[in-house]
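For the sequence shown, the positions run 1 to 345 when the UniProt record's numbering is used. Glycine included, C-beta positions come from ideal geometry on N, C-alpha and C.
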Amino acid sequence: MLTKVIDQSKIDHFAKWLERADKIVIVAHVAPDGDAVGSSLGLWHFLNTQDKDATVIVPNAFPDFLKWMPGSKDILLYDRYKEFADKLIAEADVICCLDFNAISRIDAMADAVLASPARKILVDHHLNPEDFCRIIISHPEISSTSELVFRLICRMGYFSDITKEGAECIYTGMMTDTGGFTYNSNNREIYFIISELLSKGIDKDDIYRKVYNTYSESRLRLMGHVLSQMKVYPDHRAALITLTKKEQGNFNYIRGDSEGFVNIPLSIKNVVFSCFLREDTEKPMIKVSLRSVGSFPCNRLATEFFNGGGHLNASGGEFYGTLEEAKKVLELALEKFKPLLNAKG
Ligand code: 5GP
Ligand code: MN
């Protein structure tokens with residue numbers, strides 16, 4: 001049995017909305033990851049079983065390794081089909097905002113979503129949700145939005161309507177937001193849920209291979225190159241990897257090729273904090289990705305130094321300046337956080 005994580009009043013409220021709603025739009029954050037796509041499609045498959053007219057809209061493209069997901073071809077990309085998407089958003093009865101806590105995380109879609117008269121619900125696990133939805137289901141203690149979607153569907157009494165396809169999407173989000181159940185994954189109820197998803201016929205081993213073992217040769221060579229340039233800060237128990245635009249060109253970089261790189265330095269003994277700085281190809285900025293193990297709050301470092309945020313062990317931000325400048329800022333941050341980086345636990 002699962003603990004009742006979501007307030008009963010919110011479950012009842014949403015169930016009431018669904019009874020009356022026909023057109024439903026599901027939106028997730030920019031540069032959608034496995035949990036954004038997984039939770040959105042998990043909910044989408046469920047709504048289809050209820051004969052709702054549901055559409056998933058995301059601000060821009062998601063990585064190739066998620067394209068096998070059932071329903072992914074029906075996801076509408078806002079940056080390509082803005083007019084159609086704007087119409088759906090404006091005419092929706094309900095908009096479900098999944099896997100983001102701040103309206104700015106849906107980029108160019110923000111205005112349309114804010115302006116829509118639709119009833120809005122937020123289902124998310126990031127800290128400090130902004131107040132732009134009538135129903136706010138926000139649980140930072142839960143490791144993925146996909147898990148929250150599973151809990152929401154079940155608590156409304158519809159476990160039996162979760163299809164194999166929906167279960168595959170929910171599983172994918174739970175798996176990717178925990179690094180294949182290697183962090184934020186000690187809650188035993190996760191494994192109860194996995195057991196329930198397996199009862200729907202999903203092949204979890206196959207999902208793992210489809211997500212993690214379908215990269216190109218050039219990505220693997222890029223990984224080798226990036227790691228060979230890695231800088232380790234033993235006194236700070238930290239490591240830094242970087243990727244310039246030039247290097248991206250040399251290795252035929254495509255979006256998503258550096259996904260997961262930031263986790264690799266954490267496999268060094270005694271390294272508890274990893275930073276990945278990548279020159280963005282579209283905006284004049286450095287994309288910052290941070291990961292930690294144990295109690296080091298990389299979200300605090302992201303907020304204080306990189307205009308960002310996120311979770312305790314996985315956060316990020318943006319830096320407007322050169323890669324060298326970003327590196328200097330990181331080194332300042334390492335000095336400031338040195339006591340915490342060396343704290344036990
Ligand atoms: P990633 O390193 O995979 O891009 O991001 C990891 C996590 O950090 C995301 O799930 C999100 O919570 C947070 N994050 C990444 N980039 C940003 C950003 O620019 N701003 C904020 N507030 N959070 C971010
Ligand atoms: Mn998530």
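- Taking the Cα of residue 216 as reference, the smallest distance to any Cα among 202, 257, 27 and 311 is reached at 257.
- If you check the C-beta of residue 139 against the ligand 5GP, you find no heavy atom less than 8 Å away.
- Ranking 35, 238 and 286 by CA distance to the CA of residue 340 puts 238 first.
- Only exposed fits residue 205, as fewer than 16 other CB atoms lie within 10 angstroms of its CB.
- The region 37-50 makes contact with the region 167-180: 3 or more CB pairs, one atom from each, lie closer than 8 Å.
- Pairing residue 135 with residue 298, the inter-Cα distance amounts to about 29 Å.
- Within the same chain, 143 and 178 come within 7 Å of residue 185 by CB-CB distance, once the 5 residues on both sides are set aside.
- The Cβ atoms of residue 29 and residue 100 lie closer than 9 Å to each other.
- Annotation for residue 23: the continuous beta strand (DSSP E) segment containing it runs 23-28.
- Counted as a single uninterrupted DSSP element, the stretch harbouring residue 127 is not any alpha helix (DSSP H), since DSSP gives it neither H nor E.
- The nearest non-hydrogen atom of the ligand MN is 8 Å or more from the C-beta of residue 260.
- Within 10 angstroms of the beta-carbon of residue 344 lie fewer than 16 other beta-carbons, which makes it exposed.
- According to the DSSP secondary-structure assignment, residue 54 is paired through a beta bridge with 24.
- Relative to the ligand MN, residue 39 has its C-beta within less than 8 Å of a heavy atom.
- Non-local beta-carbon contacts of residue 201 in its own chain, meaning distances under 8 Å to residues more than five positions away in sequence, involve 164 and 167 in chain order.
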